[in-house]
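Worksheet for the structure shown next.
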Amino acid sequence: MARAIKAENIVAAGFLVFAFTLPLFKGAYSVSMFAHYYIVAILALSMSLVWGYCGVFSFGAAAFYGVGAYAYAILSLSAGETALTPLYMLVAVLISTLLAAVIGYFMFYGGINDVFVALITLCVSLVLETFMAQTAGSQWSIAGVQLGGYNGINGIPTIHFGNQAITGIPFYYFVLFILLAVYIVLRMIKHRKAGYTLIAIRENRARSLLFGYNIEFIQMIVFALGGTVAGMAGVLYTAWGGYITPNSMGLIQATIPVVIVAAGGRKNMTAALVFAVIYAWFTQTLSATGSEYGNIIVGVSLIIAILFVPNGFIVAVFDWIDKFIGWATGKKKG
Amino acid sequence: MRTIKDTNEETVLKLENVSKNFGGIQAVDDFSFEVKKGELRCLIGPNGAGKTTVFNLITGVYPVSEGKIIYKGEDITKMPAYKRSRNGIAIKMQIPGVYESLTLRDNLKIACYNFLTPHCKRRELEKAVDELIAMVGLESLGDPIVGNLSHGQQQWLEIAMTLAAKPDLLLLDELAAGFGPEETAFTAKLVKMLHEQGLTILFIDHDMDFVREIAQKVTVMHFGKKFAEGEMSDIEQNEDVQTIYLGRSQGGDN
Amino acid sequence: MDLYSSIFNFMYLFIDSFGFLIISALGLAIIFGMMGIINLAHGEYIMLGAYITTLTAAAGMPFIIALLCGSLGVGLFGGIVDRLIIRHLYKRPLDSVVASWGVSLIMSQGMLVLMGPSIPGLSTPMGSINVGQFDYSVYRIFLGFLAIFIMIVLYVLFKKTKFGLHSRATMQNAVIARNLGINSDRMYCMTYILGSVLAGLAGALYAPTLSIVPTMGSNFMMLSFVTVVVGGADPMTGTLLSGGLLSLFNGGLSMIFGTLMGRLGLLVVAILFIRVLPEGFSGLVERQTLRVNRKKQEAISNGESN
Numbered sequence: 001m002a003r004a005i006k007a008e009n010i011v012a013a014g015f016l017v018f019a020f021t022l023p024l025f026k027g028a029y030s031v032s033m034f035a036h037y038y039i040v041a042i043l044a045l046s047m048s049l050v051w052g053y054c055g056v057f058s059f060g061a062a063a064f065y066g067v068g069a070y071a072y073a074i075l076s077l078s079a080g081e082t083a084l085t086p087l088y089m090l091v092a093v094l095i096s097t098l099l100a101a102v103i104g105y106f107m108f109y110g111g112i113n114d115v116f117v118a119l120i121t122l123c124v125s126l127v128l129e130t131f132m133a134q135t136a137g138s139q140w141s142i143a144g145v146q147l148g149g150y151n152g153i154n155g156i157p158t159i160h161f162g163n164q165a166i167t168g169i170p171f172y173y174f175v176l177f178i179l180l181a182v183y184i185v186l187r188m189i190k191h192r193k194a195g196y197t198l199i200a201i202r203e204n205r206a207r208s209l210l211f212g213y214n215i216e217f218i219q220m221i222v223f224a225l226g227g228t229v230a231g232m233a234g235v236l237y238t239a240w241g242g243y244i245t246p247n248s249m250g251l252i253q254a255t256i257p258v259v260i261v262a263a264g265g266r267k268n269m270t271a272a273l274v275f276a277v278i279y280a281w282f283t284q285t286l287s288a289t290g291s292e293y294g295n296i297i298v299g300v301s302l303i304i305a306i307l308f309v310p311n312g313f314i315v316a317v318f319d320w321i322d323k324f325i326g327w328a329t330g331k332k333k334g
Numbered sequence: 001m002r003t004i005k006d007t008n009e010e011t012v013l014k015l016e017n018v019s020k021n022f023g024g025i026q027a028v029d030d031f032s033f034e035v036k037k038g039e040l041r042c043l044i045g046p047n048g049a050g051k052t053t054v055f056n057l058i059t060g061v062y063p064v065s066e067g068k069i070i071y072k073g074e075d076i077t078k079m080p081a082y083k084r085s086r087n088g089i090a091i092k093m094q095i096p097g098v099y100e101s102l103t104l105r106d107n108l109k110i111a112c113y114n115f116l117t118p119h120c121k122r123r124e125l126e127k128a129v130d131e132l133i134a135m136v137g138l139e140s141l142g143d144p145i146v147g148n149l150s151h152g153q154q155q156w157l158e159i160a161m162t163l164a165a166k167p168d169l170l171l172l173d174e175l176a177a178g179f180g181p182e183e184t185a186f187t188a189k190l191v192k193m194l195h196e197q198g199l200t201i202l203f204i205d206h207d208m209d210f211v212r213e214i215a216q217k218v219t220v221m222h223f224g225k226k227f228a229e230g231e232m233s234d235i236e237q238n239e240d241v242q243t244i245y246l247g248r249s250q251g252g253d254n
Numbered sequence: 001m002d003l004y005s006s007i008f009n010f011m012y013l014f015i016d017s018f019g020f021l022i023i024s025a026l027g028l029a030i031i032f033g034m035m036g037i038i039n040l041a042h043g044e045y046i047m048l049g050a051y052i053t054t055l056t057a058a059a060g061m062p063f064i065i066a067l068l069c070g071s072l073g074v075g076l077f078g079g080i081v082d083r084l085i086i087r088h089l090y091k092r093p094l095d096s097v098v099a100s101w102g103v104s105l106i107m108s109q110g111m112l113v114l115m116g117p118s119i120p121g122l123s124t125p126m127g128s129i130n131v132g133q134f135d136y137s138v139y140r141i142f143l144g145f146l147a148i149f150i151m152i153v154l155y156v157l158f159k160k161t162k163f164g165l166h167s168r169a170t171m172q173n174a175v176i177a178r179n180l181g182i183n184s185d186r187m188y189c190m191t192y193i194l195g196s197v198l199a200g201l202a203g204a205l206y207a208p209t210l211s212i213v214p215t216m217g218s219n220f221m222m223l224s225f226v227t228v229v230v231g232g233a234d235p236m237t238g239t240l241l242s243g244g245l246l247s248l249f250n251g252g253l254s255m256i257f258g259t260l261m262g263r264l265g266l267l268v269v270a271i272l273f274i275r276v277l278p279e280g281f282s283g284l285v286e287r288q289t290l291r292v293n294r295k296k297q298e299a300i301s302n303g304e305s306n
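Chains as they are written, first to last, in the numbering used here: chain A, 1 to 334; chain B, 1 to 254; chain C, 1 to 306.
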């Protein structure tokens with residue numbers, strides 16, 4: 001199993017160790033922040049699946065994130081029974097999946113591809129943000145829950161198991177568990193037929209059609225699954241922070257997963273995950289210290305990545321480590 | 001996977017009055033022809049005659065504007081392209097239709113997946129890939145990234161990939177382009193061998209030596225219409241065919 | 001409101017929206033039409049134009065000079081961005097989208113750092129007129145008509161000059177244009193600069209009517225983006241038709257439901273357009289033109305053989 005010893009797996013293992021042991025050497029505040037970073041990573045994995053694996057450049061992650069979030073907020077506040085929050089979570093994710101499937105059908109069965117998918121999904125995110133932003137009036141409510149316009153919805157309960165509210169360290173591990181579950185599933189399909197199917201569509205869509213792949217259907221399914229993962233991230237975010245606003249579906253939010261995956265490594269799940277955590281940590285630290293230069297640094301990093309390291313920063317690091325391993329083991333053989 | 005049953009129909013492919021226009025351009029104009037089982041037919045004609053468009057209509061990449069396409073006795077005019085692939089229509093395209101950033105074996109795996117049993121074991125897949133490699137004689141290559149292969153090797157790889165479908169109709173678009181004499185000879189041998197195994201082959205080419213060596217019957221296209229049809233020797237003697245290739249104007253038409 | 005006031009209200013909303021959409025979208029449309037690149041920093045270019053104009057005018061320069069500084073200043077900036085960044089990405093349109101987002105981040109944050117959260121704006125020239133119960137800005141009506149004038153100037157530029165001819169050739173088919181001796185790299189650079197100048201001009205023209213903050217670009221971005229999507233790749237006919245249609249929608253919906261609903265309507269129209277007409281109005285116009293030409297051809301050849 002010499003193939004298992006490669007940079008990607010080493011970094012993944014390193015991350016696992018780091019993540020599992022974090023509460024041992026960091027305080028409550030850090031633990032809570034890192035839970036948020038993992039949520040960003042889950043969102044990035046959604047993008048990695050749809051764009052990285054399948055080659056569909058979509059700005060839709062924010063839309064499904066927002067839909068999942070709002071759905072959970074409305075369900076948990078209107079039904080009120082906190083013991084059922086895991087159920088609300090599942091229903092919210094189901095809703096975001098369905099919406100993604102509908103939009104996917106609308107696009108892919110209409111022959112839309114490439115840059116037009118980006119355009120439509122960006123518009124969808126903006127539609128949702130704009131619509132939610134004008135729900136300030138008291139007449140705007142669903143199932144008795146005020147939508148709140150720009151201010152969004154507050155006081156959303158976190159996940160409960162039975163009567164036990166999951167916060168702090170247990171919540172941290174809950175999010176980590178979901179992140180790892182998504183990550184493992186995605187890595188598992190890479191070497192199976194599903195993975196090859198997606199790569200074939202990404203590398204040469206027109207040709208794959210003629211090898212018997214039902215492109216439209218597959219794209220729709222992948223897009224829907226992207227909606228599932230993004231919706232899950234949205235639900236977790238709402239449970240984490242207790243609030244949701246239309247901002248999370250706006251222009252800036254829609255572009256963040258794109259930025260992370262583009263700069264981290266679009267064709268590699270591990271790279272996207274690791275970079276997402278780093279990026280989230282970095283921007284949080286910058287804003288917490290009151291630094292005004294946060295976005296500037298992000299912007300510059302992005303441009304440098306695109307120009308000089310187009311496969312992504314983290315992937316470049318992987319390659320560098322792999323070369324080193326090759327050199328080290330090669331020397332041993334000699 | 002296959003929805004069209006095998007029949008004893010003599011005619012594998014029939015195009016009835018097929019037309020295709022793109023906006024203002026009539027690419028294929030009231031084109032009809034028939035290919036019988038086990039035939040080795042060549043489609044020739046000057047550039048822009050509509051040959052590749054006919055292939056795209058057969059595979060389903062473009063829908064027809066008018067007319068019918070009948071495959072193994074069934075009307076597939078409305079059948080989506082991926083289903084036609086699964087029913088045994090395979091094509092080697094004009095521009096290389098391989099996955100250049102992937103390895104040789106990965107390319108073949110992708111080609112195979114839709115044609116093996118749904119939950120086949122890895123061993124079955126690897127065996128199928130080995131067989132395909134052997135069929136086109138590429139064993140000596142190992143498993144390189146396909147982008148690093150020569151043009152010829154990529155073409156043969158693509159043929160291997162088309163065979164993964166165990167096709168009943170094989171379309172070859174410009175097989176001999178860019179080959180040296182040795183490679184052309186090998187390709188001719190390969191095509192003849194496939195034909196002897198009973199495969200119905202329809203191909204497009206400009207290399208007349210190649211066509212002469214392989215084709216049984218030839219259909220000539222011009223401006224989207226069927227211009228002439230017959231044995232290669234007759235076609236070559238046909239003065240009108242010579243004219244359209246050389247471009248002299250012909251009576252009142254353009 | 002009596003009928004006359006309502007009609008005037010609608011027409012004002014229409015011409016205002018028309019001017020705004022067209023002037024702000026032209027820069028984006030030209031870059032997209034020529035290079036296939038969506039410049040996500042377009043909003044920030046407009047913002048930069050507004051800032052330069054406001055600062056120049058506040059320093060005592062006449063408004064016209066300030067306008068020129070604003071447009072040309074952004075043109076210069078765009079030229080630098082093109083030479084440093086965009087030109088490496090001519091063949092990678094999706095990557096250029098991501099890179100332009102980086103530029104956008106740098107610009108909006110950079111302006112915040114440089115100039116603070118806002119600067120004093122300019123007063124709107126030309127005053128206002130009163131119709132019915134509302135006052136209407138004469139300047140914004142003027143801008144609506146100026147938009148038409150700008151389009152005429154661009155039309156002349158594209159149809160009657162050598163630059164325009166080369167542009168249209170490159171837009172249609174870059175490979176063939178290159179083989180005919182047209183330097184496509186230089187075309188792209190000059191187009192990018194032209195697009196930047198137009199963005200700067202939009203910011204400059206609308207600066208007196210808006211509050212000058214570093215984030216003002218995002219509003220422009222969204223509307224320009226929708227206009228270009230609906231208009232398609234032809235910056236002239238596409239933008240014109242798109243601006244017209246969307247202004248009708250925006251005007252009508254805003255009048256009845258308010259500005260956010262107007263914007264919502266625009267986005268929905270954009271989505272429908274991309275789905276039904278991915279090439280926007282330009283594609284429609286092009287296909288109709290091809291069809292008309294083909295019928296003409298057929299008529300001629302039929303006439304001849306008879």
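Ideal Cβ positions, reconstructed from N, Cα and C, are used throughout, including at glycine.
Any beta-carbon of chain B closer than 8 Å to the one on residue 306(C)? At residue 306(C), the pLDDT of 45 sits below 50, so the modelled position is not reliable and the matter cannot be decided from this model.
If you draw a straight line from the C-alpha of residue 159(C) to the C-alpha of residue 33(C), how long is it? Cα to Cα, the separation comes out at about 15 Å.
What residues in its chain sit with their C-beta under 7 Å from that of residue 215(C), if we drop five residues either side in the sequence? Here the set comprises 108.
In the region 7 to 38 of chain B, which residues sit with their C-beta less than 7 Å from some C-beta in chain C, listed in chain order? Within the region 7 to 38 of chain B, the residues whose Cβ lies closer than 7 Å to some Cβ of chain C are 23, 24, listed in chain order.
Which residue or residues does DSSP assign as beta-bridge partners of residue 200(B)? DSSP output for residue 200(B) lists 169(B) as bridge partner(s).
Relative to the C-alpha of residue 248(C), which residue among 4(C), 5(C), 20(C) is closest? Measuring from the Cα of residue 248(C), the nearest candidate turns out to be 20(C).
Going by the beta-carbon positions, is the gap between residue 59(A) and residue 118(A) smaller than 8 Å? Yes, these two residues count as a Cβ contact at 8 Å.
Where does the unbroken beta strand (DSSP E) through residue 134(A) begin, and where does it stop? Element bounds for residue 134(A): n/a, residue is neither H nor E.
Opening and closing residue of the beta strand (DSSP E) in which residue 71(B) lies: It spans 66 to 71 - the beta strand (DSSP E) in which residue 71(B) sits, taken as one unbroken run.
If you run the structure through DSSP and keep just helix, strand and coil, what is residue 227(A)? Helix, per DSSP.
At what residue ranges does the region 124 to 165 of chain C contain a whole run of the alpha helix (DSSP H), taking only runs of 4 or more? Runs of the alpha helix (DSSP H) inside the region 124 to 165 of chain C: 138 to 160.
Could you tell me the alpha carbon to alpha carbon distance between residue 190(A) and residue 196(A), rounded to whole angstroms? For residue 190(A) and residue 196(A), the distance between alpha carbons rounds to 7 Å.
Tell me which residues share the same chain as residue 2(B) and place their Cβ nearer than 8 Å to its Cβ, disregarding the 5 neighbours each side in the sequence. Correct list, in chain order: 86, 87, 88.
Grab me the residues of residue 23(A)'s own chain with a C-beta within less than 7 Å of its C-beta, minus the 5 sequence neighbours each way, in chain order. In chain order, 31, 169, 172 place their CB closer than 7 Å to the CB of residue 23(A), counting only its own chain and leaving out the 5 sequence neighbours on each side.
Is residue 245(A) helix, strand or coil by DSSP? Under the three-state reduction of DSSP, residue 245(A) is assigned to coil, being neither helix nor strand.
According to DSSP, is residue 230(B) part of a helix, a strand, or is it coil? In the three-state reduction of the DSSP assignment, residue 230(B) falls in the strand class, which pools E and B.
Going by C-alpha to C-alpha distance, which of 35(A), 61(A), 20(A) sits closest to residue 239(A)? Measuring C-alpha to C-alpha distances from residue 239(A) to each of 35(A), 61(A), 20(A) identifies 35(A) as the nearest.
Reducing DSSP to helix, strand and coil, say where residue 154(A) ends up. If DSSP states are grouped into helix, strand and coil, residue 154(A) belongs with coil.
Compare the C-alpha of residue 43(C) against each of 196(C), 239(C), 234(C), 259(C) and name the closest. When each option's Cα is compared against that of residue 43(C), the closest is 196(C).
Buried or exposed: which applies to residue 134(C), given that a residue is buried once 16 or more other Cβ atoms fall within 10 Å of its Cβ? By the neighbour-count rule (16 or more Cβ atoms within 10 Å), residue 134(C) is not buried but exposed.
CB contact check: residue 215(A) to chain B, cutoff 8 Å: Yes, residue 215(A) counts as interfacial toward chain B.
In terms of residues, what are the limits of the beta strand (DSSP E) holding residue 269(B)? Limits of chain B in this structure are 1 at one end and 254 at the other, which puts residue 269(B) out of reach.
Roughly how many angstroms separate the alpha carbons of residue 9(B) and residue 121(B), rounded to a whole number? If you take the alpha carbons of residue 9(B) and residue 121(B), they lie about 35 Å apart.
If I measure Cβ to Cβ from residue 47(A) and keep anything under 6 Å in the same chain, skipping five residues before and after, which residues do I get? Cβ neighbours of residue 47(A) within its own chain (closer than 6 Å, five residues either side excluded): 61, 257, 261.
Residue 79(A) bridges to which residues according to DSSP? Residue 79(A) pairs with nothing; no bridge assigned.
Of all the options 297(A), 292(A), 318(A), which has the alpha carbon lying nearest to the alpha carbon of residue 115(C)? Ranking the options by Cα distance to residue 115(C), first place goes to 292(A).
Counting pairs of beta carbons, one from the region 238 to 246 of chain B and one from the region 155 to 171 of chain C, are three or more of them closer than 8 Å? With a cut-off of 8 Å, the region 155 to 171 of chain C and the region 238 to 246 of chain B do not count as touching, because too few Cβ pairs lie within range.
Taking 8 Å as the threshold, find out whether the region 34 to 52 of chain B comes into contact with the region 200 to 210 of chain B through three or more Cβ pairs. Enough Cβ pairs lie closer than 8 Å, so yes.
Out of 117(B), 134(B), 226(B), point me to the one whose CA is closest to residue 105(B)'s CA. Ranked by Cα distance from residue 105(B), the first of 117(B), 134(B), 226(B) is 134(B).
Indicate whether residue 283(C) and residue 290(C) have their beta-carbon atoms separated by less than 8 Å. No.
Note down the Cα distance separating residue 44(A) from residue 274(A), rounded to an integer number of angstroms. Looking at the two C-alpha atoms, the distance is approximately 10 Å.
Where do the ends of the beta strand (DSSP E) carrying residue 90(B) lie? DSSP places residue 90(B) inside the beta strand (DSSP E), whose first and last residues are 89 to 92.
Mind checking if residue 222(C) is an interface residue toward chain A, Cβ cutoff 8 Å exclusive? So yes, residue 222(C) belongs to the interface.
Collapsed DSSP secondary structure at residue 37(C) in the structure displayed: In this structure, residue 37(C) counts as coil in the three-state DSSP scheme.
Taking the straight line between their C-alpha atoms, what separation do you get for residue 161(A) and residue 242(A)? The alpha-carbon atoms of residue 161(A) and residue 242(A) are separated by roughly 17 Å.
Kindly indicate the opening and closing residues of the beta strand (DSSP E) around residue 44(B). Looking at the DSSP string, the run of the beta strand (DSSP E) that includes residue 44(B) is 40 to 44.
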